[in-house]
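Visitor: Going down the list, the protein sequences come from chains A and B.
Under our numbering, the first residue of the first sequence carries the number 1, and numbering increases by one thereafter.
Under our numbering, the first residue of the second sequence carries the number 1001, and numbering increases by one thereafter.
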Amino acid sequence: MSKDIEASIIALIASSGEIEAGAITRDTELAELEIDSLVLTEIVMDIEDQHDIEIDLNTAEAWESLKTVGDIVDMVKKLVADKN
Amino acid sequence: MNQRRVVITGMGGICALGGNSDDIWTSMKEGRDGCRPLEMETRDLKVTTGCGIVGYPEDDGIDKRQSLTMSGISRISVIAARQAMKQAGLEAGEFNPQRSGAVVGVGIFGTDAVDQSYVDIFLEKKKRAHIFTVPRVMPSGPSGHVSIAMGLQGPVFGVTSACASGNHAFISAIDQIRLGRADVMLAGGAELALVYGPLKAWESLRVLARSVCRPFSADRDGLVLGDGAAIAVLESYEHAKARGANILAEIIGVGMSGDASDIVNPTVEGPAAAVRNCLADAGISADQVDYINAHGTATQTNDQTETRVIREVFGSAADTVSVSSTKSMHGHCLGASSAIELIACVNAVREGVIPPTINYTTPDPLCDLDVTPNVAREKKVDIAISNAFAFGGTNAVIAVRKI
Chain A
1 MSKDIEASII
11 ALIASSGEIE
21 AGAITRDTEL
31 AELEIDSLVL
41 TEIVMDIEDQ
51 HDIEIDLNTA
61 EAWESLKTVG
71 DIVDMVKKLV
81 ADKN
Chain B
1001 MNQRRVVITG
1011 MGGICALGGN
1021 SDDIWTSMKE
1031 GRDGCRPLEM
1041 ETRDLKVTTG
1051 CGIVGYPEDD
1061 GIDKRQSLTM
1071 SGISRISVIA
1081 ARQAMKQAGL
1091 EAGEFNPQRS
1101 GAVVGVGIFG
1111 TDAVDQSYVD
1121 IFLEKKKRAH
1131 IFTVPRVMPS
1141 GPSGHVSIAM
1151 GLQGPVFGVT
1161 SACASGNHAF
1171 ISAIDQIRLG
1181 RADVMLAGGA
1191 ELALVYGPLK
1201 AWESLRVLAR
1211 SVCRPFSADR
1221 DGLVLGDGAA
1231 IAVLESYEHA
1241 KARGANILAE
1251 IIGVGMSGDA
1261 SDIVNPTVEG
1271 PAAAVRNCLA
1281 DAGISADQVD
1291 YINAHGTATQ
1301 TNDQTETRVI
1311 REVFGSAADT
1321 VSVSSTKSMH
1331 GHCLGASSAI
1341 ELIACVNAVR
1351 EGVIPPTINY
1361 TTPDPLCDLD
1371 VTPNVAREKK
1381 VDIAISNAFA
1391 FGGTNAVIAV
1401 RKI
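#1: Would you give the residue range spanned by the beta strand (DSSP E) that residue 1011 (chain B) belongs to?
#2: Distance check for residue 1102 (chain B) and residue 1155 (chain B), CA to CA, integer angstroms please.
#3: Under the rule that 16 or more other beta-carbon atoms within 10 Å means buried, what is residue 1207 (chain B), buried or exposed?
#4: What is the DSSP secondary structure of residue 1377 (chain B), reduced to helix, strand or coil?
#5: Which residues of the stretch 17-43 of chain A have a Cβ closer than 7 Å to any Cβ of chain B? Give them in chain order.
#6: Measure the beta-carbon distance from residue 1089 (chain B) to residue 1110 (chain B) and round it to whole angstroms, keeping in mind my assumption that it falls under 8 Å.
#7: In the DSSP output, which residue or residues are listed as bridge partners for residue 1223 (chain B)?
#8: Return helix, strand or coil for residue 1122 (chain B), following the three-state DSSP convention.
#9: Just tell me which of B:1198, B:1261, B:1146 has its CA closest to the CA of residue 1115 (chain B).
#10: Taking all protein chains shown into account, decide if residue 5 (chain A) is buried (16 or more other Cβ within 10 angstroms of its Cβ) or exposed.
#11: I need the boundaries of the beta strand (DSSP E) containing residue 1250 (chain B), first residue and last residue.
#12: Mind checking if residue 1121 (chain B) is an interface residue toward chain A, Cβ cutoff 8 Å exclusive?
#13: Pull up the CB-CB distance for residue 1395 (chain B) and residue 1215 (chain B), whole angstroms please, since I reckon it's below 8 Å.
#14: Output the residue ranges of the alpha helix (DSSP H) runs that lie fully inside the stretch 1277-1361 of chain B and measure 4 residues or longer, sorted by chain position.
#15: Give me the chain A residues within the contact set of residue 1128 (chain B), using Cβ-Cβ distance strictly less than 8 Å, ordered along the chain.
#16: Could you pull out every unbroken beta strand (DSSP E) segment of at least 3 residues lying fully inside the stretch 4-69 of chain A, listed in chain order?
#17: In or out: residue 1135 (chain B) buried (at least 16 other Cβ within 10 Å) or exposed?
#18: Are the stretch 1378-1396 of chain B and the stretch 1361-1369 of chain B touching by the rule of at least three beta carbon pairs closer than 8 Å?
#19: Taking CB distances under 8 Å as the criterion, tell me whether residue 1062 (chain B) reaches chain A.
#20: Could you list which residues in chain A have their beta carbon closer than 8 Å to that of residue 1131 (chain B), in chain order?
#21: What three-state label does DSSP hand residue 1367 (chain B) in the structure shown?
#22: Would you call the CB atoms of residue 1381 (chain B) and residue 1344 (chain B) closer than 8 Å?
#23: Between residue 1144 (chain B) and residue 1166 (chain B), is the Cβ-Cβ spacing less than 8 Å?
#24: Pairing CB atoms from the stretch 1296-1313 of chain B with CB atoms from the stretch 1233-1242 of chain B, are three or more of them under 8 Å?
#25: Would you mind reading off the limits of the alpha helix (DSSP H) that contains residue 1068 (chain B)?
#26: Just to confirm my understanding: we take residue 1289 (chain B), look at its own chain, exclude 5 residues before and 5 after, and list those with CB closer than 8 Å. What are they?
#27: Do residue 1338 (chain B) and residue 1357 (chain B) have their CB atoms nearer than 8 Å?
#28: Look at the alpha carbon of residue 1131 (chain B) and the alpha carbon of residue 1229 (chain B), and state the distance between them as a whole number of angstroms.
#29: Alpha carbon to alpha carbon, how far is residue 1097 (chain B) from residue 1304 (chain B)?
#30: Helix, strand or coil for residue 1085 (chain B) per DSSP?
#31: Tell me which residue opens and which closes the alpha helix (DSSP H) that residue 1167 (chain B) is part of.
#32: Could you pull the DSSP bridge partners for residue 1077 (chain B) from this structure?
#33: Between which residues of its own chain and residue 1203 (chain B) is the CB-CB distance below 8 Å, once the five residues before and five after are set aside?
Rendered as structure tokens:
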């Protein structure tokens, strides 16, 4: 399950940023992917839909608190675990 | 008053008559009817026809990420703006960005984005609207996107006055040049009316034609809505001359007025004042005008009132001036209408051809003007004016001269 979350998030980031999924790992910094704050918010929204969770972040905060792909994965895993 | 002269050096457009200003003009000369069955999910709409866009480019050249933030009104504005810049021979690096701007008129807003939100939320029960709904919907989106696409860093804003938005946009842009704030302004209008929400609203107003748009014809029964955009490159005469640009026509005068009367029923005095103000600004008399591109919506009220306006301002010259409503061909594209109609006026003075009022069957004694029925006419045209008399009683008229 938790591997699935990581893979699905990487796939979403890859499609939003037009990047090879294989080139993205937990340690990849979002800044390296040239993802801006609005794209990041879009990705967060897609993740919310996929996992039926609500991430309480506005666009500016998302950029401040999420630096790497792993940060997003950990946040989503926690929210999914809390929901269950 | 000694003021800077303003000329037109490029025009672009996309509507039911074609995907660029040359095709649109050719269609106008041929009297082509852009009205077709609606190509959309019409749900419970009673209206079945409209003047939908043709010739949308397979590759619109708009960056994918940028496109996500755009309503269709912004996309067609950028397409028209690119064409206009190309015709004007203006490329990035060849003009001063800080002395260049954009004003795009929009009658409604990003209708496609609003409709999509309602479908998402109410029909598909999604939790939220698309992330870019706000920038897609805003009526200043087209002007912002044109500035982004073309690198225009001077005055950039949207204007709105319902069906006169295009002319008000031209006038606002001309003012920037006349006041010395800019040397180059891209200006025009854009609209998507063939969207469920606006169609449903227009249906309620009961001014839509049953099937055909017949301005000034006794059997006219209303307007046909259309989608489209047109953008012109306006420059100070000195700027255009200095860079050796091909000048298409000069805008010699503009006039505005407000009816201050009724939100939907026009007066004669208001529109007449706008025409007079335009003639005065141009320093010409009514009998010098060879062609009037009428507002000509094909509602009973508009066409009768507009005839009285022309008779009042033109006096005996009203018997000889050529009039036509090109809305009979491209439909009523609301905020884009007068922008598309500038394509008619500019080409009329360049080529000496009056585009026709098509679908005309029966003379109406209350519209006793030479409305150029059904077939274009060759005629020497030095000066043309373009009327736009909108709901709200917001009137704007522009005069162009051959150069």
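No residue lacks a Cβ here, since even glycine has one placed at the ideal position from N, Cα and C.
Guide: In this structure, then:
#1: 1006-1014
#2: 6 Å
#3: buried
#4: strand
#5: 38, 41, 42
#6: With a Cβ gap of about 31 Å, residue 1089 (chain B) and residue 1110 (chain B) do not count as contacting.
#7: B:1208
#8: helix
#9: B:1198
#10: buried
#11: 1249-1258
#12: no
#13: About 18 Å; that fails the 8 Å criterion.
#14: 1300-1314, 1327-1330, 1337-1351
#15: 45
#16: none
#17: buried
#18: no
#19: no
#20: 38, 41, 42, 45
#21: helix
#22: no
#23: no
#24: no
#25: 1064-1068
#26: 1279, 1314, 1317, 1321, 1383, 1384, 1385, 1399
#27: no
#28: 25 Å
#29: 45 Å
#30: helix
#31: 1165-1178
#32: For residue 1077 (chain B), which the question treats as bridged, DSSP gives no partner whatsoever.
#33: 1045, 1046, 1047
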